[in-house]
Each structure stands twice: as C-alpha cells, then as structure tokens.
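Have a look at the structure below before the remarks.
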Amino acid sequence: MLIVDRTSWHAGADVVVVGYGGAGAVAAVTAHDTGAEVLVLEKQPAESHVSNTSMSGGNFISPSDVKGVEEYQRTLCRASKEMYWTDMESIRVWAEYTCQNRQWVQQMGGKVRPWPGVGGSHREVPGNELIQYCYFENDGPGFMAFLKGLVSQRGIQVLHGVQANRLIRNQHGEVIGVAARGPDGKYMNIRAARAVILATGGFEFDEQMKLQFLRCYPFYFDGAPANTGDGVRMAMGVGADLWHMNCASAGFTMKFQEMPFAFAPSVRRGRLETSEGRDPEPGRSTATCGYVIVDKGGRRFTNENFKQHHVNYELGLYESRGLRYPRIPAYWIMDQRRMADGPLPNTRHGSAGPGGFYRWSEDNSQEIERGWIARAETVRDLAERLGIEPARLQRTVESYNSYCRNGSDAEFRRRPESLVLLDTPPYYAVTLWPGGPNTQGGPRRNPKSQVMGVDGEPIPGLYAIGELGSVFGMLYTGGGNLAECISSGRIAGEQAAREKPRPAT
90 MLIVDRTSWH AGADVVVVGY GGAGAVAAVT AHDTGAEVLV LEKQPAESHV SNTSMSGGNF
150 ISPSDVKGVE EYQRTLCRAS KEMYWTDMES IRVWAEYTCQ NRQWVQQMGG KVRPWPGVGG
210 SHREVPGNEL IQYCYFENDG PGFMAFLKGL VSQRGIQVLH GVQANRLIRN QHGEVIGVAA
270 RGPDGKYMNI RAARAVILAT GGFEFDEQMK LQFLRCYPFY FDGAPANTGD GVRMAMGVGA
330 DLWHMNCASA GFTMKFQEMP FAFAPSVRRG RLETSEGRDP EPGRSTATCG YVIVDKGGRR
390 FTNENFKQHH VNYELGLYES RGLRYPRIPA YWIMDQRRMA DGPLPNTRHG SAGPGGFYRW
450 SEDNSQEIER GWIARAETVR DLAERLGIEP ARLQRTVESY NSYCRNGSDA EFRRRPESLV
510 LLDTPPYYAV TLWPGGPNTQ GGPRRNPKSQ VMGVDGEPIP GLYAIGELGS VFGMLYTGGG
570 NLAECISSGR IAGEQAAREK PRPAT
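According to my numbering, the sequence shown is numbered sequentially starting from 90.
Dropping the structure here:
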C-alpha cells in the first residue's frame with residue numbers, strides 16, 4: 090500500500106480496471122457507457138493474452154425468475170441454519186442482475202443461443218429447474234472476442250504488459266490509483282480519479298496461496314496461468330476482508346510434470362462436456378466406452394457420472410490414522426475403445442481447447458510416448474505400473490463389468506446407460522488430481538461490488554468482480570462464473586462511474 094502526499098502520475102482515468110478478462114471487459118464497457126473515462130491494465134502481452142473467459146465453454150446462466158433463482162442461490166449458500174457463505178442482499182442483487190444477462194448481451198449486439206433444456210448443477214435443490222443457459226457458438230473464444238469488440242468500439246485504452254502490484258491511497262484512506270510495472274520494467278503510477286476495479290481473476294497458479302487456502306493440496310487448474318492471486322494481495326494490502334478462499338469450481342484434472350497447467354479430462358466420452366457441469370438427463374447418455382476411477386488402493390470411491398464442479402470434495406478425503414489423502418491422486422482406468430475414441434482431454438475448451446496452449450493428438454499416441462498415459466496388456470500389469478495391488482484392481486474391474494452385464498451398479502448407482510464393459514485390451518490409466526477452471530475466493534464485497542475492509546466498512550474507491558471474491562461459496566452452479574462476469578462487471582462499472590472524483594492528496 091502507498092499513501093501519498095505528492096505522486097507523479099504517468100497515466101490515469103476516472104476508472105481504472107485491473108485485469109482484462111470477461112469481468113474486466115464488461116466493467117470497462119459499463120463504466121464507459123455510464124459516462125466515465127476508463128483505462129484497462131493487463132499484465133499479459135497483447136499477442137499472448139488469454140483469460141479464463143477465453144478458455145471457457147462460453148455458456149452462462151440467464152434465468153428469468155428472479156425470486157426463484159434468489160431462493161435457489163440462498164440454498165446453495167447456506168452453511169448452517171444461521172450462517173451463509175454470502176449475505177442475503179448480495180444474493181438478491183446477484184439474482185436481479187443475472188436474470189438480465191441474456192438481454193444485456195443481445196442489447197450489446199451479441200449473438201447467443203439458449204441451451205437446450207433447463208436445470209442447473211443441483212437437481213436436489215428447489216429452484217434448480219429455473220436455471221437457464223445461453224451460449225456463444227464459438228465457446229469462450231467467441232465470448233471474449235465479443236467483449237473485446239465492445240471495448241474496441243468505444244475506444245477504451247487497454248495497456249498490455251502492465252503489471253499492477255499495489256494500490257495507492259490518499260491521506261483519507263481512499264484508493265486513488267495503482268502502482269504498476271510497465272513492459273520496459275519501469276514502475277509507473279496510474280491515477281484513478283473515481284475508482285479502481287480489480288478484475289484479476291483467482292489464484293489458480295499461486296502454489297503458496299493454494300496450499301494455505303484450499304481444502305487439499307496439490308490442486309491443479311486448467312485455466313489461465315496468469316491468474317496468480319494479484320488482486321487478492323493488492324486488496325489485502327489495503328486491509329480488505331476475505332471470503333470463499335477455500336472454495337473452487339473443481340473436479341478432476343490431469344497434470345503432467347513438464348506442463349505448468351493441467352487438462353480437463355473428457356471422461357464421459359460421447360456426451361458434450363461443457364463448463365456448466367450439469368449431468369445429462371436420464372436416458373440421454375451416449376457413452377461408448379467403459380471406464381472406472383479408482384483410489385490409490387485400486388477401489389472405486391464415487392459414481393463416475395460425477396458433478397463436474399464438485400467431485401473435488403470427494404477427492405479431498407483425509408485419513409487421520411494413515412496421515413494421507415487416499416484419493417490424491419486417483420486413477421482413470423480405461424481400455425482400448427476409449428483410447429481410440431478421441432483425445433482424453435476436453436478439446437472444446439480449457440488448456441487443450443482452441444483458446445488453450447497444447448494440441449493433444451487425436452489418437453493419444455503422442456501422450457503415450459511422453460509417458461503421460463500408462464499402458465499394459467492386462468489389468469494386473471497396469472496395476473503394477475501404478476503401484477496398486479494387482480488383485481485389488483482386477484477385482485474392481487471384474488465387479489464393474491458384472492454391473493454392466495446386470496445393468497445395475499450395486500455400489501454407486503451409476504446410470505445404467507453409462508455402464509459399458511471395460512474389457513478390450515490394452516488397458517490404460519491416467520493420474521487424476523483435484524482441480525478445475527478457477528478458484529472462487531478473494532476480497533469480500535458488498536452488493537455494490539465494493540471491497541469490504543476488515544472493519545466491516547467499504548474501502549473507498551475499490552471494487553472487485555468476477556471470480557475474485559465470487560458470490561459463490563462451497564456450492565457452485567455451472568455457468569455461474571461467466572454469468573458473474575456480466576453481472577458483477579455491470580454492477581461495479583455502474584457504481585464506479587458514479588463515484589465523485591477523489592482528491593489526489
């Protein structure tokens with residue numbers, strides 16, 4: 090934190106947005122349209138810029154029943170009879186703005202389609218049927234290209250290669266700017282006459298933050314590697330309170346030593362896996378391949394038709410007597426039919442998608458050569474390669490195959506249509522870790538997206554949006570983070586632009 094009497098300003102605007110992902114772009118556009126001069130800072134170079142939005146599936150929730158969706162979100166945020174992850178007024182405002190998402194995108198000229206059917210990630214929660222989805226045909230890259238187009242059309246300046254690292258406050262404790270390092274390595278002070286909006290994403294690629302805050306470790310993400318907790322540290326530097334720091338949108342990821350990022354596995358080949366994470370309706374599965382997921386002991390531990398954004402909680406089981414995580418890592422066991430059916434990761438989005446960093450081979454052969462995928466002629470030999478007791482894994486596969494023949498999973502009640510025999514050698518395995526697209530924690534914010542201090546009061550001139558202190562806590566609704574890019578970006582953009590100019594001293 091810097092508190093200044095006299096500061097040399099190198100650039101400035103009414104509103105400074107730190108971070109150029111989906112939320113930052115929406116905030117910049119909204120602040121501009123509300124009458125403010127806006128400047129966007131992005132630490133990545135323009136030519137290699139990626140965000141979690143550009144790497145996403147491009148689908149977002151846009152319900153129509155405000156009251157019903159508000160009650161649904163309250164249920165997801167309830168930790169006990171008295172305690173909630175998120176305050177009621179923030180949930181109410183979230184519901185109000187989220188129900189306007191599709192209308193806002195279309196008013197801005199965006200072309201989106203409704204997702205077939207309705208329903209969110211939690212069928213057991215009343216109001217789940219009210220969750221409706223829209224999507225961009227070109228997924229996350231299409232979504233981000235649309236938002237960048239809005240920024241460009243308005244002539245909003247975006248400074249790439251500028252790493253913001255500290256907030257500047259005046260003698261009254263109001264945030265009036267950002268200290269940053271430019272592309273040339275020189276430090277610069279950027280004035281924000283009205284407000285700073287932090288839109289830096291989460292802390293998916295900061296190992297120390299993940300170790301200290303998330304529920305288990307290691308935890309590997311398949312989103313944008315530039316998300317290293319910058320906004321969390323900047324907000325903490327001016328006394329921000331935190332929330333949801335132990336929460337993430339996460340299931341399984343595949344992580345290999347030579348790659349800094351993880352991959353989202355396309356476990357249920359034959360169905361389109363999207364970032365919103367809903368299970369397919371009963372009877373709609375088109376599974377063509379057999380597979381199981383086992384722990385270190387070679388035992389199944391969950392229904393493999395898992396909730397995409399929540400199965401990490403099952404992975405994080407800790408054995409106090411053994412002083413270990415028996416499911417970290419877990420193993421995805423499959424046969425030749427799955428290997429021949431296409432790439433193991435999701436190639437629609439994520440690190441192996443169009444907005445990602447790695448082109449996975451269609452037949453997985455290059456990844457077998459790299460040693461990422463274990464291969465053996467028998468299940469027992471595969472177990473030996475994994476360090477699992479061979480007889481145990483053999484029994485697991487035999488039990489699973491018996492469930493396939495009987496059409497009923499006696500252990501985990503997996504859907505009958507997904508029970509496909511695992512019996513075509515060779516056999517393969519990939520290591521699975523807790524992980525996903527993003528974290529949810531960051532500075533606590535109020536319904537106006539103002540950052541709250543540890544004293545319970547808003548920090549003047551400071552806002553946070555998107556996954557940086559998301560409205561979501563332990564339970565997440567698929568498509569919710571992209572929806573929040575729009576809703577929180579609009580809220581903060583409107584509020585910041587209406588702030589009165591603050592004195593620089």
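For each residue, glycine too, the CB sits at the ideal point set by N, CA and C.
If you're wondering where the values come from, they're calculated on a predicted model, not measured in any experiment.
Spanning the alpha carbons of Tyr407 and Tyr414 requires a straight line of approximately 5 Å. When the five nearest sequence neighbours on each side are left out, the beta carbons in the same chain lying within less than 7 Å of the beta carbon of Ile457 are those of Arg464, in order along the chain. About 7 Å separates the beta carbons of Leu239 and Ala114, which is inside the 8 Å limit, making them a contact pair.
Excluding its 5 nearest sequence neighbours in each direction, Asn535 has C-beta neighbours in its own chain below 7 Å: Ser179, Met541, Pro547, listed in chain order.
Going by beta carbons, Gly326 and Arg255 fall inside the 8 Å limit. In terms of Cα proximity to Ala102, the closest of Leu511, Val251, Arg504, Leu128 is Leu128. Every beta strand (DSSP E) of 3 residues or more that sits fully in the stretch 96 to 126 is shown, in chain order, as 100 to 107. If you look at Val540, you'll find it isn't in any alpha helix (DSSP H); it sits in the beta strand (DSSP E) that goes 539 to 541. Here Met423 is buried. Its C-beta has 16 or more other C-beta atoms within 10 Å. A contact is defined here as three or more CB-CB pairs under 8 Å, and the stretch 229 to 237 fails this definition with respect to the stretch 509 to 528. Setting aside the 5 residues that flank it on each side, Thr317 is surrounded in the same chain by Phe294, Asp295, each with a C-beta closer than 6 Å to its C-beta; the list follows chain order. In the DSSP annotation of this structure, the continuous segment of the beta strand (DSSP E) that includes Phe341 starts and ends at 337 to 344.
With respect to the 8 Å criterion, Ala284 and Tyr552 are classified as neighbours on the basis of their beta carbons. Scanning Ala581, His333, Ser97 for the CA closest to the CA of Val267 turns up Ser97. With the rule of 3 Cβ pairs closer than 8 Å, the stretch 564 to 577 counts as touching the stretch 149 to 165.
Taking Glu588 as the centre and dropping the five residues before and after it, the same chain places the C-beta of Arg283, Ala284 closer than 6 Å to its C-beta, in chain order.
About 5 Å separates the CB atoms of Arg416 and Leu404; that is less than 8 Å, so the two are in contact.
In this structure, Glu226 places its C-beta atom within 8 Å of the C-beta atom of Arg202.
Per the DSSP secondary-structure output, Met277 pairs in a beta bridge with Ala269. DSSP places Val207 outside both helix and strand once states are collapsed to three, so it counts as coil. Here Leu510 has Gly379, Asn490, Cys493, Arg494 as same chain residues with Cβ atoms under 8 Å from its own Cβ, once five neighbours each way along the sequence are excluded. Look at Tyr161 here: in three-state DSSP terms it is helix. Judged by DSSP in its simplified three-state form, Asn535 adopts coil rather than helix or strand. By alpha-carbon distance to Met323, the top candidate from Thr436, Ala253, Glu126 is Ala253. If you check the CB distance, Glu126 and Tyr109 do not come in under 8 Å. Ranking Ala100, Ala441, Leu564 by CA distance to the CA of Val251 puts Ala100 first. DSSP links Val247 through a beta bridge to Val129. Looking from the CA of Glu136, the closest CA among Leu331, Asn401, Val247 belongs to Val247. Cβ neighbours of Gln483 within its own chain (closer than 6 Å, five residues either side excluded): Val468, Arg469.
By alpha-carbon distance to Arg243, the top candidate from Glu487, Gly312, His121, Ser497 is His121. Between Ala419 and Ile286, the CB-CB gap reaches or exceeds 8 Å.
A residue is called buried when at least 16 other Cβ atoms come within 10 angstroms of its Cβ; Glu393 meets this threshold and is buried. Assigned with DSSP and collapsed to three states, Gly291 falls in coil, not helix or strand. In this structure, Ala313 is the residue among Val560, Ala313, Glu185, Met334 with its C-alpha nearest to the C-alpha of Met348. Nearest C-alpha to Trp193 among Val139, Val118, Arg533: Val118. The beta carbon of Gly157 is closer than 6 Å to those of Gly216, Leu219 in its chain, skipping five residues each way along the sequence.
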